[in-house]
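Peer 1: Mind looking over this structure? Questions follow.
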Amino acid sequence: MGKFFGTDGVRGVANTELTPELVYELGRAGAFVLTKETKNIPKIIVGMDTRISGDMLEAALIAGICSVGAKAVSLGVVPTPAVAHLVREYNADAGVVISASHNPVKDNGIKFFNSKGFKLPDETEARIEEIMTNSAAEIPRPVGEAVGSKIVEYDAIDDYIKFLKGTTDVKFTGLKVAIDCANGATYKAAPIALHELGAEVCAIHREPDGTNINKDCGSTHMESLKKFVIETKSDVGIAFDGDGDRCLAIDENGELVDGDQIMAICGSYLKELGKLKNNTIVATVMSNLGLFIMGDQKGINIEKTKVGDRYVLERMLEKNDVLGGEQSGHIIFLEHNTTGDGILTAIQLLSILKKTGKKLSELKNIMEILPQVLINAAVDRNKKDDYLSNDTIKMEIEKLEKKFEGQGRVLIRPSGTEPIVRVMLEGRNKEEIEREARRLADLIEELLK
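Written out as structure tokens, the structure is:
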């Protein structure tokens, strides 16, 4: 990671770490790097989620974009994957999203997409950082009529919904779908898209007020949706995160269906249709062992990457695969979009329910989930990687690896955006792995605080 960019753009506490001044400079440097080959007036689209700090940061970002002579197109509140799609539909030179995804409201972030709708490679982010840090004088400052301008695109949500509806050839008539919009960026698009596809939609947490995004709701807090599915007697529940690039599901019995299970369902179905290229699903090291067992049983190759949808996408592009994602619900259907897309994922899953006539509780049984425990150890932000060199922590990890060898696994990794180290244990005995994970997390907190 660089000085500004982490694993998923630039993030921080809005107005202290992610200041308007920093975002202005990001807008200038990003616009310069991403549009300098453009012969006409460059066009950059800008979307955001529902955080109260979005307006402040959008103003700073657009000021930076306009200061280099580019045209900024404000999309307003739209899901992150809408920007990834619309940057291509609108023939824009780049796209920017103002969002901190599933993080709490105090955080915000800046994420760039290139003209093809892909997140930026490390070398491009490094160039932007280099310009901001050492070469800001290279960025032109046009005057008079050469200064950039802002326009508002009022049809962005409608255009995105039209795209989403075009990714299925089936109507959802007869399906009752409960959705949790996380008081975030999907609050308009998700209910409309699913309703127009014929589903009976019951929605919660779709009244954002700027401060309630992800607050006890959405894909990181599934309890209320579980209850809502049962109360409304829905066929399925769908939860999104704050910026709409994740999707998790609840079956008709109120039980969780996570990203691994969604990939197993969709991948197996695509294989039956002969549409799963290379018979491969790209997952991450955090995916449950049950997904890999399912792959062996169904003749599906499960590729494994580092955690992060950008690494999943890199592998998919390298091998020309069409399906990949994470247990957390970032699912990429590369035939349709260039990034994780929660509403798109929901539509693909609902299409399989409708076409097979099966309940989600039946479909999810395609894979067995081994007990898996994830505990976050709060540490000093500057010591997140020190578990690799601390002899006491290393010794405890090695002991656990020997203990669970052949029956489970141990995975330790620092968060890319928060001051925490994630401790994940997987095995047959849930009580045992919970106890061992808590013990290791407490040790890491004690030694790295």
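According to my numbering, the sequence shown is numbered sequentially starting from 1. Beta carbons: idealized from backbone N, C-alpha and C, even for Gly.
Can you tell which of R381, I397, S351 and G237 has its C-alpha closest to the C-alpha of R438?
Peer 2: I397
Peer 1: Among L57, K111, E138 and A92, which residue has its Cα nearest to the Cα of P42?
Peer 2: A92
Peer 1: What residues in its chain sit with their C-beta under 7 Å from that of T133, if we drop five residues either side in the sequence?
Peer 2: K3
Peer 1: L259 to S99, Cα distance in whole Å?
Peer 2: Per the sequence shown, the amino acid found at residue 259 is Gly instead of Leu. Distance between the alpha carbons of G259 and S99 is about 21 Å.
Peer 1: Bridge partners for S74 per DSSP, in chain order?
Peer 2: Answer is V46 and V152, bridged to S74.
Peer 1: With a CB to CB cut of under 6 Å and the five nearest residues on each side skipped, what residues in its chain are close to T220?
Peer 2: H102
Peer 1: Look at V97 and A72 and say whether their C-beta atoms are less than 8 Å apart.
Peer 2: no
Peer 1: Where L57 and L18 are concerned, what is the direct C-alpha to C-alpha distance, given to the nearest angstrom?
Peer 2: 9 Å
Peer 1: Among P104, A126 and R88, which has the Cα closest to the Cα of L26?
Peer 2: A126
Peer 1: Keeping to the same chain, check which residues put their C-beta closer than 6 Å to that of P204; ignore five residues upstream and five downstream.
Peer 2: Rather than Pro, the amino acid found at residue 204 in this sequence is Ile. The residues are D180 and F228.
Peer 1: May I ask which residues mark the beginning and end of the alpha helix (DSSP H) holding N301?
Peer 2: That residue, N301, is in no alpha helix (DSSP H); its beta strand (DSSP E) goes N301 to T305.
Peer 1: Residue range of the alpha helix (DSSP H) that M424 falls in?
Peer 2: That residue, M424, is in no alpha helix (DSSP H); its beta strand (DSSP E) goes I420 to E426.
Peer 1: In angstroms, rounded to a whole number, what distance separates the CA positions of I331 and V143?
Peer 2: 44 Å
Peer 1: In chain order, what residues of the same chain have a beta carbon less than 6 Å from the beta carbon of R409, not counting five sequence neighbours either side?
Peer 2: The residues are E426.
Peer 1: Quick check: the stretch 83–91 against the stretch 143–159, are there 3 or more CB pairs under 8 Å?
Peer 2: Yes: the two stretches touch, three or more of their Cβ pairs being nearer than 8 Å.
Peer 1: Can the beta-carbon of T38 be found closer than 8 Å to that of P208?
Peer 2: No. Outside cutoff.
Peer 1: Quick check on the DSSP output: the alpha helix (DSSP H) that includes I192 runs from which residue to which?
Peer 2: A189 to E196
Peer 1: Kindly indicate which residue of I375, P140 and L350 has the alpha-carbon position closest to the one of H195.
Peer 2: L350
Peer 1: Output the residue ranges of the alpha helix (DSSP H) runs that lie fully inside the stretch 121–187 and measure 4 residues or longer, sorted by chain position.
Peer 2: As summarised for the stretch 121–187, the continuous alpha helix (DSSP H) elements at least 4 residues long and confined to that stretch are 122–134 and 156–165, given in chain order.
Peer 1: Taking the C-alpha atoms as reference points, what is the distance between T80 and E405?
Peer 2: 40 Å
Peer 1: Since I believe A199 is in contact with V177 (beta carbons under 8 Å), could you give me their beta-carbon distance rounded to a whole number of angstroms?
Peer 2: With a beta-carbon spacing of about 5 Å, V177 and A199 fall inside the 8 Å limit used to define contacts.
Peer 1: Can you give the beta carbon distance from G148 to R11, rounded, assuming they're within the 8 Å contact cut?
Peer 2: Actually they are not in contact, since the Cβ atoms of G148 and R11 sit about 26 Å apart, beyond 8 Å.
Peer 1: Per DSSP, which residues does K111 bridge with? Please list them.
Peer 2: According to DSSP, K111 bridges with V97.
Peer 1: Beta-carbon separation of V236 and L353 under 8 Å?
Peer 2: In terms of Cβ geometry, V236 and L353 form a close pair [threshold 8 Å].
Peer 1: Within 10 Å of its beta-carbon, does R325 have 16 or more other beta-carbons around it, so buried, or fewer, so exposed?
Peer 2: Reading the sequence as shown, one finds Gly at residue 325 and not Arg. By the 10 Å Cβ count, G325 comes out buried.
Peer 1: Would you call the stretch 268–278 and the stretch 370–380 in contact, with 3 or more CB pairs under 8 Å?
Peer 2: no
Peer 1: Could you tell me how far apart the beta carbons of I139 and A59 are, in whole angstroms, since I believe they sit closer than 8 Å?
Peer 2: About 19 Å; that fails the 8 Å criterion.
Peer 1: If you measure from the CB of V147, is any heavy atom of the ligand ADP nearer than 7 Å?
Peer 2: Of the ligands one can find in the structure shown there are none, so the ligand ADP has no counterpart to examine.
Peer 1: Counting only runs that start and end within the stretch 328–388, where is the alpha helix (DSSP H) found for 4 or more residues in a row?
Peer 2: 342–356 and 360–363
Peer 1: When the Cα atoms are used, what is the spatial distance from K449 to P419?
Peer 2: For K449 and P419, the distance between alpha carbons rounds to 10 Å.
Peer 1: Might you give, ordered along the chain, the residues of its own chain that have their beta carbon closer than 6 Å to the beta carbon of M1, omitting 5 neighbours on each side?
Peer 2: With a pLDDT of 47 at M1, under the threshold of 50, the predicted position of this residue should be treated as unreliable, and no value is reported.
Peer 1: Kindly confirm or deny that the stretch 355–369 and the stretch 428–438 touch, where touching means at least three C-beta pairs closer than 8 Å.
Peer 2: No: the two stretches stay apart, fewer than three of their Cβ pairs being nearer than 8 Å.
Peer 1: Using 10 angstroms around the beta-carbon of N15, count the other beta-carbons present and answer buried if the total reaches 16, otherwise exposed.
Peer 2: exposed
Peer 1: By Cβ distance, which residues of its chain are closer than 6 Å to M263, with the 5 residues on each side in sequence left out?
Peer 2: Counting only residues of its own chain and dropping the five nearest sequence neighbours on each side, M263 has a CB closer than 6 Å to the CB of I281 and G325.
Peer 1: Quick check on V285: does DSSP put it in helix, strand or coil?
Peer 2: coil
Peer 1: Pull the bridge partners of I293 from the DSSP assignment, please.
Peer 2: Paired residues: none, contrary to the question.
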